[in-house]
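Protein chains: 2
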Amino acid sequence: MTQKAFQDYYPDHLSHCYGCGRLNEHGLQIKSYWDGEESVCTFYPKPYHIAVPGYVYGGLIASLIDCHCTGTAAAAMYRQEGRAMNTEPQLRYVTASLHVDYLRPTPLGVPLQVRASVREIKGRKVVVAAKLLANGEVCARGEVVAVQMPEHLIHN
Amino acid sequence: MTQKAFQDYYPDHLSHCYGCGRLNEHGLQIKSYWDGEESVCTFYPKPYHIAVPGYVYGGLIASLIDCHCTGTAAAAMYRQEGRAMNTEPQLRYVTASLHVDYLRPTPLGVPLQVRASVREIKGRKVVVAAKLLANGEVCARGEVVAVQMPEHLIHN
């Protein structure tokens, strides 16, 4: 994809997150994009992202949903304000709460897709719903309540 | 501690979990113990388990709560049945749902403690509540609904 991901717009000092920071060499470095009204992230688990043999670790699933949804919250807010993600003032979100329902075991060895949509924007808060798919089947559903990051954290 | 951790009783083929498998060299290898009616797990995040500078990644917190609570579910069930964790039939739990409320940023660079207690045991289901502390302060609260693992997964 030549399109820039949401996370590619994050300033350097906010790009070390284990889940989505492009500068964290140990991290997951997830990338999120718009796909119409939904946002989408594709992730290839490593063999060691295992729970029981053959299945993906639930904590990884929670992490993917978490970072994809906070990224989606930021992108949605920029979109609502009608401006590009590289314009000031910068908007970043942190997680106030995370909920994941594991519907079925998620197979290891295939790409995972997280798709999210904004449920509500209210002041500094954005509620984002997500589903995680493997082989086209929904394996988990999640919801993140994301809150705008305080100014002093954004500006380092 | 000379006491064996809950996870030390897991059979080898169920000890590869990224969060709590003692045989996963890339994983977190958490260890959980009873401390009276609560279970406790102490974890030392790596510098790369970062969210924004100075603070711990929320996905790591979710992972710690997840694995500590499923381990606690198993230990609680053995305790209720009045038998040791190395006796048959083996009991292991998977996560049906995970909820985490992030109350305040969790400082990076200090040990984290997860403390959990059983809220309910009902058939194959155990509900476990957890809190995560840093410097003695509660930074996150979580709840896991754990469900007994199907026989065919336990016996490989």
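Quick mapping for you: the protein sequence lines, in order, are chains A and B. To convert, count from 1 in the first sequence and add 105; that's our numbering. To convert, count from 1 in the second sequence and add 105; that's our numbering. Even for Gly, the Cβ is constructed at its ideal location relative to N, Cα and C. If you're wondering where the values come from, they're calculated on a predicted model, not measured in any experiment.
Discussion item. Tell me whether the region 211-231 of chain A and the region 157-172 of chain B touch, counting them as touching only if at least three CB pairs, one residue from each stretch, are closer than 8 Å.
Written reply: no
Worksheet item: What first and last residue would you give for the beta strand (DSSP E) that runs through B:Ile226?
Response: As a first step, residue 226 of chain B is located in the second sequence; it is residue number 121 there, counting from the start. Run containing B:Ile226: 217-227, per the beta strand (DSSP E) assignment.
Fill in: Span of the alpha helix (DSSP H) around A:Gln185
By 1-based counting over the first sequence, the position of residue 185 of chain A is 80. Boundaries of the alpha helix (DSSP H) around A:Gln185: 163-185.
Worksheet item: Whole-angstrom Cβ separation of B:Ala245 and B:Tyr207, contact assumed at under 8 Å?
Response: The residue you call residue 245 of chain B lines up with position 140 of the second sequence. The residue you call residue 207 of chain B lines up with position 102 of the second sequence. Rounded, the Cβ-Cβ distance is 5 Å, consistent with contact.
Worksheet entry | Neighbourhood of A:Ala201 by C-beta distance below 6 Å, restricted to the same chain and skipping five residues each side | Residue 201 of chain A sits at position 96 when you count from the first residue of the first sequence. The answer, listed in chain order, is Val250, Val252.
Practice prompt. For B:Gln253, decide whether its Cβ has a neighbour in chain A, counting only Cβ atoms nearer than 8 Å.
Written response: On the second sequence, position 148 is the one that residue 253 of chain B refers to. Cβ-Cβ to chain A under 8 Å: no for B:Gln253.
Worksheet entry | Interfacial residues, the region 117-138 of chain B to chain A, with Cβ spacing under 7 Å | If the cut-off is 7 Å between Cβ atoms, the region 117-138 of chain B has His118, Leu119, His121, Cys122, Tyr123, Gly124, Asn129, His131, Gly132 near chain A.
Fill in: Interface residues of chain B facing A:Ala189 [CB-CB closer than 8 Å]
If you number the first sequence from 1, residue 189 of chain A lands on position 84. None at all; the shortest Cβ gap to chain B is about 22 Å.
Discussion item. Output needed for B:Met182: all residues of its chain with C-beta closer than 6 Å, excluding positions within five of it in sequence on either side, in chain order.
Written reply: Taking the first residue of the second sequence as position 1, residue 182 of chain B is located at position 77. Hits under 6 Å: Leu196.
Worksheet entry | Nearest-angstrom Cα separation, counted from B:Cys174 out to B:Lys230 | Position 125 of the second sequence, counted from the start, is the residue given in the question as residue 230 of chain B. Position 69 of the second sequence, counted from the start, is the residue given in the question as residue 174 of chain B. Distance between the alpha carbons of B:Lys230 and B:Cys174 is about 12 Å.
Discussion item. Which residues in chain B have a C-beta closer than 7 Å to the C-beta of A:Thr200? List them in chain order.
Written reply: On the first sequence, residue 200 of chain A is found 95 positions in, with the first residue counted as 1. Under the 7 Å cutoff, chain B gives Gly163, Tyr207.
Discussion item. If I measure Cβ to Cβ from A:Asn191 and keep anything under 7 Å in the same chain, skipping five residues before and after, which residues do I get?
Written reply: Looking up residue 191 of chain A in the first sequence gives position 86. Around A:Asn191: Tyr114.
Worksheet entry | Test: B:Leu203 CB closer than 8 Å to a CB of chain A | Taking the first residue of the second sequence as position 1, residue 203 of chain B is located at position 98. Any Cβ of chain A closer than 8 Å to the Cβ of B:Leu203 would place that residue at the interface, and such an atom is present.
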